[in-house]
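Undergrad: Dropping the structure in here first, questions after.
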Amino acid sequence: MQSRATYSEVIARVSLLPRQDNGFLEERLIGDFRYRPNQRAQFIQGLNPGDRVVVRLYNLENQLIGYSEFELLSDFAAVNLILPSDGRNTRIVRTVYGIDGDRDGSIDRNSTVYDYFTRIVGNRYQDAEVTFLPSSRGIDTQLFAVRGLPTPPTTCTYTNSFLNGRFSVVSRTLSIFRPGLAPALVALPGELVEIITINTTRIYEVSRLIVVHEEVGVSEEVIVVINDDGYGYDCDTRCFEDTNSDRDDDDYAFDDDDDDDDDDDDDDDDDDDDDDDDDDDDDDDN
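Right, dumping it as structure tokens:
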């Protein structure tokens, strides 16, 4: 989203890190979605609380302009990805999300709101890294203010698993294109998979889209942990006997918007079906 649209359209590469008891299965592509700022998209199926959704943002010149990651919650969620309103490519993204149980595209009243900034560093595409910032210090937060959302925070608010434990990311700088990623997750938009133009009347089924892109969009079947330099490989999934066998992938959904209404799950935070909105601005229409 943007409070004042300076991008005619943006491409959001959306992917999924399914949670396992011992870590995460390797990242798999959901799709590359082209949309207008403040447009909304809805995603359902194949999503579970605790999974993480990764969003890499590109402009129409295929320049990487932003990165965000959020945890699926226990219920549908409204997710807003906000780019600066002055149009400068600062490669900073503000992520605002929370439970949207009634699926009206906005965070429910009295729901916990997660609100934080991420910044891309590094000049070369494949060497790019992202930092999950603990505060908005040094950022002109007014460029990320959007009507209908909370005032940009001084101290960022993350889910518990982003803050603490083996899978914490706050104040860390992680590789965006780590070794071993599927080809479609590293390639520029349009090179290996067809770009999907968002249709606001459609609902996108995550499990089906992952299968469609499986040949080039699913990395090796490994358990992922977070090392000092970011996500890394622990061991082959055979080390863990189907720790996810009791999960029902149809029980959760999320809404993805240009605002990025996405369901994120905290380890210990709000939850139930996941709804995700991915925005250049801040909407539920991707």
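Start counting at 1 in the sequence shown, then tack on 55, and there's your number in my numbering.
We treat Cβ as the ideally placed atom computed from N, Cα and C, and that holds for glycine.
Measure the alpha-carbon distance for Ile251 versus Gln197 and round it to whole angstroms.
TA: When rounded, the distance between both Cα atoms is 32 Å.
Undergrad: Per the DSSP calculation, Glu126 is bridged to which residue(s)?
TA: Partner(s): Arg107.
Undergrad: Can you give, in chain order, each stretch of the beta strand (DSSP E) that sits fully within the region 60 to 99 and has at least 3 residues?
TA: 65 to 72, 78 to 80, 83 to 90 and 97 to 99
Undergrad: When you compare the CB positions of Ala60 and Asn93, do they come within less than 8 Å of one another, or not?
TA: yes
Undergrad: Compute the Euclidean distance between the alpha carbons of Asp157 and Arg179, then round it to the nearest angstrom.
TA: 42 Å
Undergrad: Which one of Asp106, Arg91 and Ile258 has the shortest CA to CA distance from Gln75?
TA: Asp106
Undergrad: Do you know how far the Cα of Gly101 is from the Cα of Asp291?
TA: For Asp291, the predicted structure reports a pLDDT of 42, less than 50, and the residue's modelled location is therefore unreliable. The matter cannot be settled from this model.
Undergrad: Can you round the beta-carbon distance between Ala67 and Leu112 to whole angstroms, since I take them to be within the 8 Å contact cut?
TA: 6 Å
Undergrad: Kindly indicate which three-state DSSP category Ser300 falls into: helix, strand or coil?
TA: Caution applies to Ser300, whose pLDDT of 36 falls short of 50 and renders its modelled position unreliable; the model cannot decide the point.
Undergrad: Return helix, strand or coil for Thr212, following the three-state DSSP convention.
TA: strand
Undergrad: Can you have a look at Gly153 and say buried or exposed, based on whether 16 or more other CB atoms are within 10 angstroms of its CB?
TA: By the neighbour-count rule (16 or more Cβ atoms within 10 Å), Gly153 is buried.
Undergrad: Sort out for me which residues DSSP pairs Tyr171 with in a bridge.
TA: Residue pairing from DSSP places Tyr171 in a beta bridge opposite Thr150.
Undergrad: Using alpha carbons as the reference points, say which of Arg83, Phe131, Asn135 and Gly121 lies closest to Arg274.
TA: Note that residue 274 is Ser in the sequence shown here, rather than Arg. Ranking Arg83, Phe131, Asn135 and Gly121 by Cα distance to Ser274 puts Arg83 first.
Undergrad: Can you name, in chain order, every residue of its own chain whose Cβ lies under 7 Å from the Cβ of Leu236, other than the five neighbours on each side?
TA: Within the same chain, Cβ atoms closer than 7 Å to the Cβ of Leu236 are found at Glu82 and Ser274, the five residues on either side in sequence being excluded.
Undergrad: Can you tell which of Leu229, Pro104, Asn215 and Leu72 has the C-alpha that lies nearest to the C-alpha of Leu181?
TA: Sequence check: residue 181 is Gln here, not Leu. Of the candidates Leu229, Pro104, Asn215 and Leu72, the one whose C-alpha sits nearest the C-alpha of Gln181 is Leu229.
Undergrad: Going by other Cβ atoms of all chains shown within 10 Å of its Cβ, with 16 needed for buried, is Ser226 buried or exposed?
TA: exposed
Undergrad: With DSSP collapsed to three states, give me the class of Val201.
TA: coil
Undergrad: I need the DSSP call for Thr228, collapsed to helix, strand or coil.
TA: Looking at Thr228 - three-state DSSP - the assignment turns out to be strand.
Undergrad: From what residue to what residue does the beta strand (DSSP E) around Ile162 run?
TA: Unbroken run through Ile162: none, as it is neither H nor E.
Undergrad: What does DSSP give as the partner residues of Asn254 in its beta bridges?
TA: In the DSSP secondary-structure assignment, Asn254 is not bridged to any residue.
Undergrad: Compute the beta-carbon to beta-carbon distance between Thr173 and Ser191, rounded to the nearest angstrom, for a pair I have assumed lies under 8 Å.
TA: Going by Cβ atoms, the distance from Thr173 to Ser191 rounds to 11 Å, so no, they are not a contact pair.
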